[in-house]
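Q: Just so it is clear: in the sequence shown, position 113 is 249 by my numbering, and no numbers are missing.
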Amino acid sequence: MIATPKLSVVIPVYNEEAGLAELFARLYPALDKLGCDFEIIFVNDGSMDRSAALLREQFQTRPDVTRVVLFNGNYGQHMAIMAGFERCRGERIVTLDADLQNPPEEIGNLMLEMDKGFDYVGSIRRKRQDMAWRRWASKAMNRTRERLTHIKMTDQGCMLRAYSRDIIDAINQSREVSTYIPALAYSFSHNPTEIEVEHEERSAGESKYSLYKLIRLNFDLVTGFSTVPLQVFSLIGFAISLFSIVFVIYLGIRRLIVGPEAEGLFTLFGIAFFLIGVTLFGIGLLGEYVGRIYQQVRERPRYLIQAVLEKTE
Ligand code: UDP
Ligand code: MG
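Encoded structure:
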């Protein structure tokens, strides 16, 4: 195995037994064709199916360029990628999903972009095979997120991305417990770019992300990379307080001039419900940040590794 290959490919694997054979069949030839030294790091994220066994087999077939990290449980896609990052040795690092939605043949194009001097190459799926409403939803979420966090990602759902060594070193130093890798990497890059890549239907198995998870992800992206929501909330609170002061003075004067009044009970309900809603949302929002702080200060290991398969010199 080469000490510092030109390229490391990091692939998280979770219950992908149905698609792994095809992934191997396409990934290895695609990389061999690039004509540079490479290594592939698979991280098995506690799969319950035969994925780990298949990865073991593949390691035995190509031990020269294959390394496998086996987690002892499911820690999520991004932790799996983190573990890959901590072990990869390449000058350039590419992340790829195991499900072949991003064709491995595109890695060559990412490398061409990096040759031009970019340190971060994102990707945009050319024609998305997803449903129309899902496309629309992700577009709307994108715009909001971009405004709040200043992280520009046209297509955040696409994990096929290339990073320079510097970015990966910075990520390894940051020790975040719950994060979104493409966004974190973007925040460390100084010369990012994006290219269009092909996009295919999931070849086998099913998506691990529901709509709920998609919404969660965007929430996490905003609270993980920006404190703007908290500031906005302070501003809302401030505006409502100002308004209340004016209102109280107005009511006081009315009391003196008109005398006691008991009308407008339901308007009062309306206002009270609105304010309770705003307050609850605020508490929830605070909770998001407190939860993050809690996770971070516990300082538990982010993931536990059961075994690492690699050729030792
Ligand atoms: N994945 C993982 N751990 C998880 C969920 C997913 O390692 O808990 C991997 C999965 O095997 C795949 C990649 O992350 O390689 C993306 O998952 P998926 O295709 O389900 O997500 P989607 O493409 O629907 O966003
Ligand atoms: Mg996928």
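Beta carbons are placed, not taken as given, at the ideal position from N, Cα and C, and that holds for glycine.
Assuming residue 327 and residue 254 make a contact with CB atoms under 8 Å, what is their CB distance in whole Å?
A: At roughly 5 Å, the Cβ-Cβ gap stays under 8 Å, so residue 327 and residue 254 are in contact.
Q: In angstroms with no decimal places, state the Cα-to-Cα distance between residue 194 and residue 357.
A: 35 Å
Q: For residue 438, which of 348, 310, 426, 161 has the nearest alpha-carbon?
A: 310
Q: By Cβ distance below 8 Å, which residues in the same chain neighbour residue 222 in space, the five residues on each side in sequence not counted?
A: 308
Q: Restricting to runs no shorter than 3 residues, where is the beta strand (DSSP E) found entirely within the stretch 309–387?
A: 328–333
Q: Quick one: Cα of residue 190 to Cα of residue 150, how far?
A: 12 Å
Q: Suppose only complete runs of 4+ residues qualify. What are the alpha helix (DSSP H) ranges in the stretch 166–237, listed by chain order?
A: 187–197, 213–223
Q: Between residue 259 and residue 297, which are expected to be in contact by the criterion C-beta below 8 Å, what is the C-beta distance as a whole number of angstroms?
A: 6 Å
Q: Hey, would you say the C-beta of residue 237 is under 7 Å away from at least one heavy atom of ligand 2?
A: Taken from the Cβ of residue 237, at least one heavy atom of ligand 2 lies inside 7 Å.
Q: Would you mind giving the Cβ-Cβ distance between residue 236 and residue 332, rounded to the nearest angstrom? I have them listed as a contact below 8 Å.
A: Contact flag wrong, Cβ pair sits at about 18 Å.
Q: Report yes or no: do three or more beta-carbon pairs, one from the stretch 174–187 and one from the stretch 264–278, lie closer than 8 Å?
A: The stretch 174–187 vs the stretch 264–278: no contact.
Q: Are the C-beta of residue 141 and some C-beta of chain D separated by less than 8 Å?
A: Here chain D cannot be found, since the structure has a single protein chain.
Q: Can you list, in chain order, the residues of its chain whose CB lies under 7 Å from that of residue 313, leaving out five sequence neighbours each side?
A: 431, 432, 438
Q: Just to confirm, does residue 233 get its C-beta within under 7 Å of one of the non-hydrogen atoms of ligand 2?
A: yes
Q: Look at the Cβ atom of residue 165, then the Cβ atom of residue 217, and state whether they are nearer than 8 Å.
A: no
Q: As an exercise, report each continuous alpha helix (DSSP H) stretch of at least 4 residues that is fully enclosed by the stretch 268–310, in chain order.
A: 268–285, 301–310
Q: Per DSSP, what kind of secondary structure is residue 148 in: helix, strand or coil?
A: strand
Q: Quick one, which of 153, 152, 183, 197 has its alpha-carbon nearest residue 446's?
A: 197
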